[in-house]
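Colleague: When you number the sequence shown by the working numbering, it's gap-free, plus one each residue, and the end is 253.
Idealized CB from N, CA, C, for every residue including glycine.
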Amino acid sequence: MDKDKPLSSFVIGSSSLAKPQSSSPLTGITRQDIERDASREALKNSPHASKLITDEEMDASLAAMLVDWNGTDDIYVFGYGSLIWNPCMQHSGRIAGTVRGYHRRFCLWSNVYRGTPESPGLVLGLDLGGAVRGMLFRLDAKVAKRELELLWRREMFGGSYVARWLKAKTDDGDVSAIGFVINHDAKSYAGKLSDDAVVDRLATCCGRYGSGADYLAQTAASLRAAGLDDPHLDRLCDLLAARQFASKA
Numbered sequence: 005m006d007k008d009k010p011l012s013s014f015v016i017g018s019s020s021l022a023k024p025q026s027s028s029p030l031t032g033i034t035r036q037d038i039e040r041d042a043s044r045e046a047l048k049n050s051p052h053a054s055k056l057i058t059d060e061e062m063d064a065s066l067a068a069m070l071v072d073w074n075g076t077d078d079i080y081v082f083g084y085g086s087l088i089w090n091p092c093m094q095h096s097g098r099i100a101g102t103v104r105g106y107h108r109r110f111c112l113w114s115n116v117y118r119g120t121p122e123s124p125g126l127v128l129g130l131d132l133g134g135a136v137r138g139m140l141f142r143l144d145a146k147v148a149k150r151e152l153e154l155l156w157r158r159e160m161f162g163g164s165y166v167a168r169w170l171k172a173k174t175d176d177g178d179v180s181a182i183g184f185v186i187n188h189d190a191k192s193y194a195g196k197l198s199d200d201a202v203v204d205r206l207a208t209c210c211g212r213y214g215s216g217a218d219y220l221a222q223t224a225a226s227l228r229a230a231g232l233d234d235p236h237l238d239r240l241c242d243l244l245a246a247r248q249f250a251s252k253a
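Dropping the structure here:
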């Protein structure tokens, strides 16, 4: 956390906050799934069971992240993928922001959400280098710890991410936010794949919460709707559409 500037001192203008909007049902994990730990349960009897993070390890990880939190300041979470369109968090608003030093990439093998252990799909992670635009979700202090406990169950159960305090630039100033950076030491790290390789997995793999193609389409559309167009994701959408068209020709 930025110790020089407490979260409560960040200026968030009401005109910048976008109220949570209801939308048509999307494929993706639900809050109920997270509460019953569905993702870990799905892997407990698989070859990947040994990689699962225990409750004690997750609690320790979250406690370490919040060691400097005073319990009264609101907390921000940086969403760059499915969190944008399916946050599953009780939040009081959101604001666009840019994080430098990382970029959005399909670099994480997915054995549950968008694939299976036998046919892994791909989902997005924050990898080193560049800059990334996303949405900052504001968690009121009174519910922040409870919501973060659920978020940890969603994002941290497999050891694929490392939670970090990230500095995000917004129209109203800098915000310190929790973000999930890819763990290069995890076996689920896919590295730098070619666009063709990414599209191949997105086009052919499907998991508990839908296909990789849906995941890409929903993320790209949500970014565009927020005015945060990602040219690389748009290119992947074009490549995927061309592949699907060719397969039907």
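(1) Measure the C-alpha to C-alpha separation of tryptophan 73 and methionine 62 and round it to an integer number of angstroms.
(2) Closest to isoleucine 38 by CA distance: which of Arg137, Tyr213 and Ala224 is it?
(3) Counting only beta-carbon atoms, is alanine 207 nearer than 8 Å to chain B?
(4) Measuring only the C-alpha atoms, how far is threonine 34 from leucine 70?
(5) In the DSSP output, what is serine 180 paired with across the bridge?
(6) Sort out for me which residues DSSP pairs tyrosine 1 with in a bridge.
(7) Could you tell me the alpha carbon to alpha carbon distance between glycine 17 and glycine 138, rounded to whole angstroms?
(8) If the criterion is Cβ atoms closer than 8 Å, does the pair leucine 56 and glycine 162 meet it?
(9) Could you say if the stretch 201 to 210 and the stretch 166 to 173 meet the contact criterion of at least three C-beta pairs nearer than 8 Å?
(10) Pick helix, strand or coil for valine 203, following the three-state DSSP scheme.
(11) Look at leucine 126 and phenylalanine 110 and say whether their C-beta atoms are less than 8 Å apart.
Modeller: Walking through what the data contain:
(1) Taking the sequence shown and counting its residues from 1, the one referred to as residue 73 is at position 69. Taking the sequence shown and counting its residues from 1, the one referred to as residue 62 is at position 58. In this structure, the CA atom of tryptophan 73 is about 17 Å from the CA atom of methionine 62.
(2) Taking the sequence shown and counting its residues from 1, the one referred to as residue 38 is at position 34. For the residues Arg137, Tyr213 and Ala224, the minimum Cα distance to isoleucine 38 belongs to Tyr213.
(3) The displayed structure is made up of one protein chain only, and chain B is not part of it.
(4) One-based indexing of the sequence shown puts residue 34 at position 30. One-based indexing of the sequence shown puts residue 70 at position 66. Distance between the alpha carbons of threonine 34 and leucine 70: 25 Å.
(5) Locating residue 180 in the sequence shown gives position 176, where the first residue counts as 1. Looking at the DSSP assignment, serine 180 forms a beta bridge with Lys171.
(6) Residue 1 lies beyond the residue range present for the chain, which begins at 5 and ends at 253; the question has no answer from this structure.
(7) In the sequence shown, counting from the first residue as 1, residue 17 sits at position 13. In the sequence shown, counting from the first residue as 1, residue 138 sits at position 134. Interpretation of glycine 17 is limited by its pLDDT of 26, a score under 50 that renders its predicted location unreliable; the figure taken from the coordinates is listed afterwards. Taking the straight line from one Cα to the other gives about 18 Å.
(8) Here residue 56 is taken as the residue at index 52 of the sequence shown, counted from 1. Here residue 162 is taken as the residue at index 158 of the sequence shown, counted from 1. Yes; because the gap between Cβ atoms is below 8 Å, this pair is in contact.
(9) Taking 8 Å as the limit for Cβ pairs, the verdict is that the stretch 166 to 173 does not touch the stretch 201 to 210.
(10) Here residue 203 refers to the residue found at position 199 when the sequence shown is read from its first residue. Valine 203: helix per DSSP, three-state reduction.
(11) Taking the sequence shown and counting its residues from 1, one reaches residue 126 at position 122. Taking the sequence shown and counting its residues from 1, one reaches residue 110 at position 106. Cβ distance < 8 Å, so leucine 126 and phenylalanine 110 count as in contact.
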